[in-house]
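What follows is a set of notes on a single structure, which appears directly below.
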Amino acid sequence: MGSLKDALLKAGLKQTKSENSRSNKKPKTKTEQHQRQRNFCEHCQQISPDVEFYNHRNPTVSAKWICAPCADKNQIADDFRTTNQSDFSKKGIFRREFGPLKRFSHDGRAVPTNNQRVDGNKKSPSRDKGRPSKR
């Protein structure tokens, strides 16, 4: 046997409200970002203002979020740094003692340098200036 609702619908009565009618809510905009900036060095277990993410291949260091002094002590090159999120790097005062610094643009992307991985098979344009073309 069916319910009273089914019997009333069968008799010809119509519903005044539809079931589970809810007004559509606009999605909330996030006002607070979780972990917007990291300042905890996983290697020395201390809070430091110059912690960055290093995607390194140093087998003696298992940590990835490393402060600049720990990266210098363990000789991790700045080329392995993938973030530009610390206070020091945003203000432009990020310093390293080991190796050259990696350059970042204002939007946080790495700026390529001119001397990255030179292709040894390319001909230099200065050699081809005096020679006739072989076409």
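Each step along the sequence shown adds one to the number in my numbering, with nothing skipped, and position 26 is 26.
Cβ atoms here follow ideal geometry from the backbone N, Cα and C, with glycine treated the same way.
Note that the structure is predicted; figures quoted are calculated from it, not measured.
Expressed to the nearest angstrom, what Euclidean distance is found between the alpha-carbon atoms of residue i and residue j?
i	j	result
K14	S23	22 Å
Q37	D6	58 Å
T82	E42	16 Å
D72	F80	12 Å
F94	T31	28 Å
N58	T29	40 Å
K90	P69	18 Å
V51	A63	11 Å
C67	T60	16 Å
V118	P27	For V118, the predicted structure reports a pLDDT of 49, less than 50, and the residue's modelled location is therefore unreliable. The matter cannot be settled from this model.
G12	S3	15 Å
For residue i, list the residues DSSP reports as bridge partners.
i	result
C41	Q46
Note the first and the last residue of the continuous alpha helix (DSSP H) segment covering residue i.
i	result
F88	87-91
A71	68-73
D6	4-11
What does a CB cutoff of less than 7 Å around residue i pick up in its chain, not counting 5 residues either side in sequence?
i	result
L8	none
E97	D72
I47	N39, F40
T16	none
D74	In the sequence as displayed, the identity of residue 74 is Asn instead of Asp. Excluding sequence neighbours, N74 sits near N58, T60, V61.
Let's see if you can read the secondary structure: which residues bound the beta strand (DSSP E) around residue i?
i	result
F98	Looking at the DSSP string, F98 is not in any beta strand (DSSP E), and its letter there is neither H nor E.
V61	Neither: V61 is in no beta strand (DSSP E) and is coded neither H nor E.
F53	51-53
What residues in its chain sit with their C-beta under 6 Å from that of residue i, if we drop five residues either side in the sequence?
i	result
A77	G99
Q85	Q37
Between which residues of its own chain and residue i is the CB-CB distance below 8 Å, once the five residues before and five after are set aside?
i	result
P49	N39, S86, D87, F88
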